[in-house]
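What follows is a short report on a single structure.
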Amino acid sequence: MRKNKLTIVFWAVLFALASCTTTKKIGSNYPVSLKTAFKNQFLVGAAVNAQQIEQKDTAANRLISTHFNAVTPENIMKAEWIHPAWGTYNFTLADKLVAYANTNGLKINAHTLIWHSQLPAFMRGMHNPDSVRMYFEGHINTVASRYDGKVYSWDVVNEALNEDGTMRKSIFLQNLGEDYVVEAFRLAQQAAPHTKLYYNDYNIEQPLKRAGAIALIKKIQAAGVRIDGVGIQGHWSINHLPLKEIGQSIQAFAALGIEVMFTELDLTVLPNPEDLAGADVNQNTAYNERLNPYKNGLPDSVQTKLATAYADLFTLLLKYKGKVSRVTFWGVNDGQSWLNNWPARGRVNYPLLFDRAYNPKPAYYQVLKASKK
Ligand code: 9MR
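Counted the way this note's numbering counts, the sequence shown spans residues 74 to 446.
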């Protein structure tokens with residue numbers, strides 16, 4: 074008991090000191106956390122991993138409760154994890170996430186019901202339409218109904234589109250036909266009547282893919298099925314931040330009468346080997362030293378470029394008051410980011426607002442400043 078009290082006092086003092094440093098760096102007029110800075114604009118979220126959900130990563134948990142009011146499970150609600158064998162579900166970590174979010178006042182965006190990637194082993198290469206349908210219906214009914222009222226929202230379908238806006242030839246398209254997306258939302262609506270339902274994808278700010286997403290959303294709406302929002306993932310680079318297309322997309326998606334969110338935001342600072350844009354987890358490149366230029370630290374010039382890119386992005390988002398409902402970073406700090414391992418494994422990337430030691434970076438302060446403009 075006494076040890077617990079001491080721990081609480083220790084963290085409170087540390088947090089007070091950290092807040093003082095923050096205030097000193099940017100002036101006393103600035104908010105002390107991301108969620109306060111944007112409280113009248115949008116929710117601010119982070120993707121959380123199993124360590125964080127199990128509260129093994131104390132420093133990350135402190136950042137989460139200080140700065141964020143929304144979380145997305147980075148992996149643990151994906152089918153591969155939650156539905157490991159035919160008819161067998163493992164809800165242990167997802168249940169822990171619900172408890173963790175309740176204690177810390179966090180809205181959960183559950184991720185994701187239907188995705189061609191990270192499928193359970195028993196589904197990979199499945200060619201039997203009846204079995205695929207049985208999986209599809211069983212998975213959505215079981216998982217979505219269990220968490221209805223416990224999670225705030227679901228990414229019902231993830232990454233159903235190709236870059237040219239056509240439908241991806243996924244296991245679901247091939248076995249269930251083009252209407253599978255509408256069907257997924259219909260089933261989710263029945264199983265989770267109290268949960269918001271979203272479509273989520275990368276590069277849908279780009280004109281062709283955006284047009285595909287708009288067509289898909291209109292198709293769901295025309296079928297009389299509920300869709301509450303669209304998530305633009307936001308895996309971008311500091312060298313090509315598509316601000317114009319982002320602005321156009323917010324307007325175009327909002328015109329459909331749905332929420333617009335940035336759901337997996339990170340800005341890579343590393344060279345991109347084959348000009349890969351987006352987040353196709355199946356694209357991989359062999360590691361070489363030239364692809365890992367900042368393994369001993371980020372030069373000031375690049376740090377500044379990252380900070381400016383983040384400031385420009387948030388300044389833009391704030392222009393669309395009432396249209397953007399959430400901005401979620403894909404990770405809490407740089408050390409956690411998937412971008413250390415994609416598209417080449419074992420690199421040192423710096424895409425988020427907090428560094429490997431959990432300290433706020435210049436980009437963090439620039440984002441707070443943007444909130445005051
Ligand atoms: O960040 C996630 C990484 O830990 C996983 O290995 C990978 C494969 O499941 O998925 C990453 O998250 C992806 C997200 O679920 C969907 N959009 C692209 C994200 C980055 O690949």
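Even for Gly, the Cβ is constructed at its ideal location relative to N, Cα and C.
No experiment lies behind these values; they were computed from the predicted model shown.
| Asked | Found |
| --- | --- |
| Give the DSSP-derived three-state secondary structure of phenylalanine 335 in the structure shown. | strand |
| Check whether the stretch 288-295 and the stretch 354-368 are in contact - that is, three or more C-beta pairs closer than 8 Å. | no |
| Where do the N-terminal and C-terminal ends of the beta strand (DSSP E) with glycine 302 fall, by residue? | 302-305 |
| Under 8 Å between C-beta atoms, does asparagine 163 make it to chain C? | This model lacks chain C altogether; it includes just one protein chain. |
| Does the distance from the CB of isoleucine 181 to the CB of tyrosine 253 come in under 8 Å? | no |
| Tell me which residues share the same chain as leucine 389 and place their Cβ nearer than 7 Å to its Cβ, disregarding the 5 neighbours each side in the sequence. | Leu316, Ile319, Gly320 |
| Please name the residue or residues paired with isoleucine 187 in a DSSP beta bridge. | Val230 |
| Pull up the DSSP beta-bridge partners for histidine 313, would you. | Ser310 |
| If you draw a straight line from the alpha carbon of threonine 95 to that of alanine 261, how long is it in whole angstroms? | Because the pLDDT at threonine 95 is just 49, under 50, the model does not fix this residue reliably, and the point stays unresolved. |
| Ligand 1 heavy atoms versus the CB of tryptophan 411: any closer than 7 Å? | yes |
| Can you tell me whether DSSP reads lysine 442 as helix, strand or coil? | helix |
| Let me know the secondary structure DSSP gives methionine 207 once reduced to three states. | helix |
| So, is lysine 97 buried or exposed, given that buried needs 16 or more other C-beta atoms within 10 angstroms? | Because the pLDDT at lysine 97 is just 47, under 50, the model does not fix this residue reliably, and the point stays unresolved. |
| Which of the three DSSP states is assigned to methionine 240 in this structure? | strand |
| Taking Cβ positions, are leucine 170 and phenylalanine 141 nearer each other than 8 Å? | no |
| What would DSSP say about asparagine 365, mapped onto helix, strand or coil? | coil |
| Less than 7 Å separating the Cβ of glutamate 147 from some heavy atom of ligand 1? | yes |
| Are the CB atoms of glutamine 306 and tyrosine 275 nearer to each other than 8 Å? | yes |
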